[in-house]
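Chains as they are written, first to last, in the numbering used here: chain Y, 10 to 228; chain H, 10 to 228. All residues carry an ideal CB built from backbone N, CA and C; glycine is no exception. Each remark here refers to the structure printed beneath this line.
There are 2 protein chains.
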Amino acid sequence: MALAKSLDASCISDISAINTEADLYVLAVSDDAIASLSQKLPPLHGLVVHTSASAPLPIGSFNHSGVLYPLQTMQAHRNIQFNNVPLFIETNSDVQTKRLRQFAGQLSAKVIVADQLTRMRYHLAAVFASNFTNHLYSIAFELLAANGLTPELLHPLMLETALKAVENNPEDSQTGPAIRGDVKTIEAHLDLLDKRPDLQQLYEDFTNLIHQYYLKHNE
Amino acid sequence: MALAKSLDASCISDISAINTEADLYVLAVSDDAIASLSQKLPPLHGLVVHTSASAPLPIGSFNHSGVLYPLQTMQAHRNIQFNNVPLFIETNSDVQTKRLRQFAGQLSAKVIVADQLTRMRYHLAAVFASNFTNHLYSIAFELLAANGLTPELLHPLMLETALKAVENNPEDSQTGPAIRGDVKTIEAHLDLLDKRPDLQQLYEDFTNLIHQYYLKHNE
Chain Y
10 MALAKSLDAS CISDISAINT EADLYVLAVS DDAIASLSQK LPPLHGLVVH
60 TSASAPLPIG SFNHSGVLYP LQTMQAHRNI QFNNVPLFIE TNSDVQTKRL
110 RQFAGQLSAK VIVADQLTRM RYHLAAVFAS NFTNHLYSIA FELLAANGLT
160 PELLHPLMLE TALKAVENNP EDSQTGPAIR GDVKTIEAHL DLLDKRPDLQ
210 QLYEDFTNLI HQYYLKHNE
Chain H
10 MALAKSLDAS CISDISAINT EADLYVLAVS DDAIASLSQK LPPLHGLVVH
60 TSASAPLPIG SFNHSGVLYP LQTMQAHRNI QFNNVPLFIE TNSDVQTKRL
110 RQFAGQLSAK VIVADQLTRM RYHLAAVFAS NFTNHLYSIA FELLAANGLT
160 PELLHPLMLE TALKAVENNP EDSQTGPAIR GDVKTIEAHL DLLDKRPDLQ
210 QLYEDFTNLI HQYYLKHNE
């Protein structure tokens, strides 16, 4: 909604309020809702895009369809610096792609034309780099809170870990008992997790993955 | 070494160059080397500390021993903002703990007296929040590079994910197909990983962990 305002666009949640003379329609809904919403739209001359990585181009009473997929984690209450967020675009014609590129270029300096498979590969990587990462933070916080300790003491570590991986690269940034092969610490940590076999398993899997990764990459 | 300079301390790597009149000795070596290095030290009146989370207090020809464990990922070439890094301290006497707290307070605003078990619990949480997180970045980068795509496009996402979890908290920050129960996307991602059964397994495990976590926490 903030975005709509800054672009002199309008944000509607009632389909009968639609302006049928607009140049661009952005269907900012969940993947599952794209197809049914597209079908419900009145005949439109403008370009209709969704914002999903995985969904195919929308189909309905319109000739021009496309995708505008932002590679970022977004929640309603967060203000995001949008001008460096990669925007992946695709449409069903060169003319529309040119127009969508122009529009997307007003939002971000990084606009990339990408087909569905490419978008899905970025989305998959994002799930590892963001969704799973965030769940590791949740696990770490839960482990500390369960023992009356202070999860917030992890904040500088979380920020420095991300910053270091961005400024150098993650492969060269790895630290910790797994890459050092510090078996004594690994065993002590597994003992501390004895009430949580699920997290013991995750700890062992990561330790093995890290070990294998650096064996392979240092060959 | 930069730290030593800023503190008017000296940094030595040859044990014969040791100043036996110092107030504090910091053994900044790997866990495995602490015991043997401690044994090799000449008789000392100052406080001898190591920087490990897990190791017991150092033992040697000195009466005052302790620990100064920083909760941060550190590599030689990185300049770290040290004044918000949690420093966990312990010594074998109240007098020495008071002195070490004073010293540590010059380095950081967050000095916490903590026994070995407490330090280990923080270290374990740090392994999840930092070491495993960094490896997820490596996996994401590898998946993109293997398909000729651009890992650096993940940078804004990595930083926003960490920042969001710090400013709100990780539990409320979770996004992605696993928490949405978006089975179609999950299956498409598993298909994309068909050449990497190890990563398929990791993807499935995280998806289940996230699912279970929010079932439990939303009860």
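Residues of the region 115 to 135 of chain Y with a Cβ closer than 8 Å to any Cβ of chain H, in chain order: 119, 121, 127, 129, 130, 131, 132, 133, 134, 135. Listed in chain order, the alpha helix (DSSP H) runs fully inside the region 183 to 208 of chain Y are 186 to 189, 192 to 201, counting runs of at least 4 residues. The DSSP assignment places 164 to 176 as complete runs of the alpha helix (DSSP H) inside the region 147 to 178 of chain H, in order along the chain (cut-off: 4 residues). In the displayed model, residue 99 (chain H) falls within a strand according to three-state DSSP. At a C-beta separation below 7 Å, residue 197 (chain Y) has these neighbours in chain H: 63, 129. Among the CB atoms of chain Y, none fall inside 7 Å of the CB of residue 55 (chain H). Runs of beta strand (DSSP E) with 3 or more residues, each lying fully within the region 22 to 92 of chain Y, are found at 33 to 36, 56 to 59, 74 to 79, listed in chain order. In this structure, H:96 is the residue among H:96, H:178, H:174, H:166 with its C-alpha nearest to the C-alpha of residue 118 (chain H). Secondary structure at residue 104 (chain H): helix, using DSSP grouped into helix, strand and coil. Judged by DSSP in its simplified three-state form, residue 122 (chain Y) adopts strand. When CB distances to chain Y are screened at a threshold of 9 Å, the residues of the region 161 to 178 of chain H falling below it are 161, 162, 163, 164, 165, 166, 167, 168, 169, 170, 171, 172, 173, 174, 175, 176, 177, 178, in chain order. Three or more Cβ pairs closer than 8 Å define a contact, and the region 26 to 38 of chain H meets that threshold against the region 49 to 62 of chain H. The DSSP-derived three-state label of residue 180 (chain H) is helix.
Between residue 80 (chain H) and residue 166 (chain Y), the beta carbon gap of about 6 Å places them in contact (Cβ cut-off 8 Å). Using a Cβ distance threshold of 7 Å, residue 65 (chain Y) and residue 59 (chain Y) do not count as a contacting pair. Shown here for residue 163 (chain H): same chain residues with a beta carbon closer than 8 Å to its own, the five before and five after excluded, namely 146, 149, 150, 153 in chain order.
Contact with chain H is found for residue 138 (chain Y), since one of that chain's Cβ atoms lies less than 7 Å from the residue's Cβ. Taking 7 Å as the threshold, the shortest C-beta distance from residue 157 (chain Y) to chain H does not fall below it. Of all alpha-carbon atoms in Y:143, Y:131, Y:155, the one lying nearest the alpha-carbon of residue 157 (chain H) is that of Y:131. Note that the C-beta distance between residue 198 (chain Y) and residue 133 (chain H) is below 7 Å.
In this structure, residue 100 (chain Y) and residue 63 (chain Y) do not form a Cβ contact; the two beta carbons are roughly 17 Å apart against a cut-off of 8 Å. Sequence-distant Cβ neighbours of residue 49 (chain Y) in its own chain, meaning closer than 7 Å and more than five residues away, are 24.
Under the 7 Å criterion on CB atoms, residue 79 (chain H) is classed as non-interfacial with respect to chain Y. Residue state for residue 136 (chain Y) is assigned as helix, using DSSP reduced to three classes. If you check the CB distance, residue 179 (chain Y) and residue 143 (chain H) come in under 7 Å. By the neighbour-count criterion, in which 16 or more other beta carbons inside 10 Å mark a residue as buried, residue 45 (chain Y) falls on the exposed side. In this structure, H:211 is the residue among H:211, H:85, H:21 with its C-alpha nearest to the C-alpha of residue 208 (chain Y).
In the three-state reduction of the DSSP assignment, residue 213 (chain H) falls in the helix class, which pools H, G and I. Your pair residue 28 (chain Y) and residue 22 (chain Y) does not check out as a contact, with CB atoms roughly 14 Å apart and the cut at 8 Å. With the criterion set as a beta carbon lying under 8 Å from some beta carbon of chain H, the members of the region 184 to 196 of chain Y are 184, 185, 186, 187, 188, 189, 191, 193, 194, in sequence order. Your pair residue 122 (chain Y) and residue 98 (chain Y) checks out as a contact, with CB atoms roughly 6 Å apart and the cut at 8 Å. At the C-beta level, residue 137 (chain H) and residue 141 (chain Y) stay beyond 7 Å of one another.
In the three-state scheme derived from DSSP, where H, G and I count as helix and E and B as strand, residue 113 (chain Y) is classed as helix. When the Cα atoms are used, residue 203 (chain H) and residue 124 (chain Y) turn out to be separated by approximately 20 Å.
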